[in-house]
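Here the sequence shown is numbered in full-length UniProt numbering, starting from 1 and rising by one per residue. For each residue, glycine too, the CB sits at the ideal point set by N, CA and C. Fair warning: this is a prediction, and the values are worked out from it, not measured in the lab.
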Amino acid sequence: MTMSLIQIKKQFLELKAPESFPVGNFKAEWIGPKWFQTSASFSLNFMSFRHWWGKSFDGSEIAYNLFLPPNRTEFQMRYPMNLSLEKSKLDGKPSLILKYTKNAPFPWPFFIDEFRVFNETDFLGMSYNKFTPKLALPFLIRKS
């Protein structure tokens with residue numbers, strides 16, 4: 001998806017929240033302009049997210065970030081997140097909200113991921129610092 005960041009945010013605001021918590025492993029994909037995709041992926045290396053692959057959901061109120069280092073075939077599950085279906089800080093509509101626990105490495109306890117249903121297999125996410133939700137950055141997670 002090579003739309004501008006503003007176009008992606010507008011699309012996110014038109015989508016609906018899932019009716020229940022997801023189940024399965026979802027591969028993350030940075031979307032938007034190429035410069036953003038490259039810089040977002042690169043910056044995670046310096047924020048305890050090197051080799052981040054995506055997210056794992058089991059239908060409960062807890063999700064995990066999945067990491068897949070090179071030459072490995074099994075995921076490492078790290079940094080649990082609390083899930084809820086609640087009002088978005090972006091537009092007040094329902095969203096799937098993921099909040100990092102206080103035990104996650106800095107700066108993640110200050111970040112929130114919001115997701116809405118993009119299609120049958122994908123969720124469009126917006127990640128933001130809880131103090132500046134208007135600066136949300138987009139990414140996609142796709143069921144694998």
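Pick from the options that is closest to residue i, judged by C-alpha positions
i	options	result
tyrosine 79	Asp58, Gln37 and Phe49	Phe49
asparagine 129	Asp122, Pro109 and Ile62	Pro109
leucine 137	Ser144, Ser127 and Phe131	Ser127
leucine 90	Pro133, Asn25 and Gly54	Pro133
methionine 77	Trp53, Gly59 and Leu140	Trp53
leucine 44	Phe118, Lys16, Leu15 and Pro107	Pro107
leucine 15	Lys27, Glu120, Phe57 and Leu124	Leu124
aspartate 122	Met3, Ile6, Ile31 and Gln7	Ile31
aspartate 58	Ser20, Leu13 and Gln11	Ser20
lysine 143	Gln7, Ile6 and Glu29	Glu29
asparagine 119	Lys55, Gln7 and Gln11	Gln11
Span separating the alpha-carbon of residue i from that of residue j
i	j	result
tyrosine 100	tyrosine 64	9 Å
leucine 98	asparagine 71	29 Å
methionine 81	lysine 9	23 Å
phenylalanine 18	proline 33	First, the amino acid is wrong: residue 18 is proline here, not phenylalanine. Each residue's alpha carbon lies about 26 Å from the other.
phenylalanine 111	phenylalanine 46	15 Å
proline 94	proline 69	34 Å
isoleucine 141	phenylalanine 75	16 Å
glutamate 114	glutamate 86	10 Å
threonine 2	phenylalanine 139	12 Å
leucine 83	histidine 51	23 Å
Residue i, DSSP secondary structure in three states
i	result
glutamate 19	coil
lysine 89	coil
isoleucine 112	strand
isoleucine 141	strand
serine 43	helix
lysine 102	coil
Buried or exposed (CB count within 10 angstroms, at least 16 for buried), residue i
i	result
tryptophan 35	exposed
lysine 102	exposed
asparagine 25	buried
phenylalanine 131	exposed
proline 22	buried
serine 88	buried
Proximity test, Cβ basis, 8 Å: residue i and chain B
i	result
isoleucine 112	Given the protein chain composition of this structure (a single chain), no chain B is represented.
Taking contact to mean 3 or more Cβ pairs, one atom from each stretch, closer than 8 Å, check whether the region 55-69 and the region 29-43 are in contact. no
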